[in-house]
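Chemist: Residue numbering for the sequence shown is 807 to 1004, as defined by the working numbering.
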Amino acid sequence: MRFSSFFARTITLGLFTSTTASAARTFPRTTFLGGLPRAVAYRSMPLPFIGSLFSSAPSRNMSYPLQKSDDEWRAVLSPEQFRVIREKGTEAPYTGEYDKHSPSSGVYTCGACEAPLYKAGHKFKSGCGWPAFFDAVPGAVTRHTDRTFGMERTEIVCSNCGGHLGHVFKGEGYPTPTDERHCVNSVSIKFNKDDPTQ
């Protein structure tokens, strides 16, 4: 069938466009639709083509005051920071440096550009496994609709460099002034005991 052949070639093309080392592994000799090789998606292998069907990435298309190429970001960020901040990854829950961090004063800045994002007084214990804040420094965080994984969430990024911070959730019933939870990756932020916003 013409549709099946087109579909199989489109999926195969998407799998071959992966830029990870996993994509270089040998595919099994079994066939899939019209004699094309059946690709095996390894757990560590991202599927950018398939992901694009479910995602909306306005933050990648927007212009931010601080602009750097991927190579420039790689030069100043650790591999884990680059994966989370620039490639919109997520750190494992309950593993981040700032999950249980509870200072009485200071400010959390962007892990990439050090722009002030959250005051220490904005942080609260949510039990979610990531640092949680009920509000941000005015104008420091930009929100975007994120449709990855077939669901709709609100992504939050640094307004200065566009670095991925995490997601914001509303109406969960926490006793905070905004009823919002900014769920932020620890690797996306740094803590500064001095508050440059004052």
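The C-beta atom is built at its ideal place from N, Cα and C for all residues, glycine as well. Just so it is clear, the structure is predicted and the values come from calculations on it, not from any experiment.
1. Less than 8 Å between the beta carbons of Asn966 and Cys919, yes or no?
2. Using three-state DSSP, classify Arg953 as helix, strand or coil.
3. Does the segment 935 to 942 touch the segment 902 to 915, meaning 3 or more C-beta pairs lie closer than 8 Å?
4. Specify, as a first and last residue, the run of the beta strand (DSSP E) that Arg889 falls within.
5. Can the beta-carbon of Phe997 be found less than 8 Å from the beta-carbon of Pro909?
6. Three-state secondary structure (DSSP) at His970?
7. Ordered along the chain, which non-local residues of its own chain (more than five positions away) have a Cβ less than 7 Å from that of Arg880?
8. Ser932: which of Lys999, Gly895, Cys989 and Leu872 sits nearest, CA to CA?
9. With a cut-off of 8 Å on the beta carbons, I'd call His950 and Glu958 a contact; round off their distance for me.
10. Could you compute how far the alpha carbon of Gly968 sits from the alpha carbon of Ser884?
11. Quick check on this structure: which residue in Pro944, Lys999, Ala946 and His973 has the alpha carbon closest to the alpha carbon of Arg953?
12. Express the C-alpha separation of Cys964 and Ala946 in angstroms, rounding to a whole number.
13. Do you know whose CA, among Ser992, Glu897 and Gly912, lies nearest His928's CA?
14. Can you tell me whether Glu978 is buried or exposed? The criterion is at least 16 other CB atoms within 10 Å of its CB, across all chains shown.
15. Report the residue from Pro871, Lys894 and Asp877 whose alpha carbon sits nearest the alpha carbon of Phe955.
16. For the alpha helix (DSSP H) containing Val882, name the first residue and the last one.
17. Spatial neighbours of Thr984 within its chain, please: C-beta separation below 6 Å, excluding the five flanking residues on both sides.
18. In the DSSP assignment, find the unbroken beta strand (DSSP E) run with Cys919 in it and report its ends.
19. Helix or strand or just coil, what does DSSP make of Val993?
Modeler: So, to answer that:
1. yes
2. coil
3. Cβ pair count under 8 Å is three or more, so yes.
4. That residue, Arg889, is in no beta strand (DSSP E); it is neither H nor E in DSSP.
5. yes
6. strand
7. Phe888
8. Minimum Cα distance to Ser932 is reached at Cys989.
9. Contact flag wrong, Cβ pair sits at about 11 Å.
10. 17 Å
11. His973
12. 6 Å
13. Out of Ser992, Glu897 and Gly912, Gly912 has the C-alpha closest to the C-alpha of His928.
14. exposed
15. Lys894
16. Asp876 to Val882
17. Contacts found: Phe940 and Asp941.
18. First-last for Cys919: undefined, no H or E at that position.
19. helix
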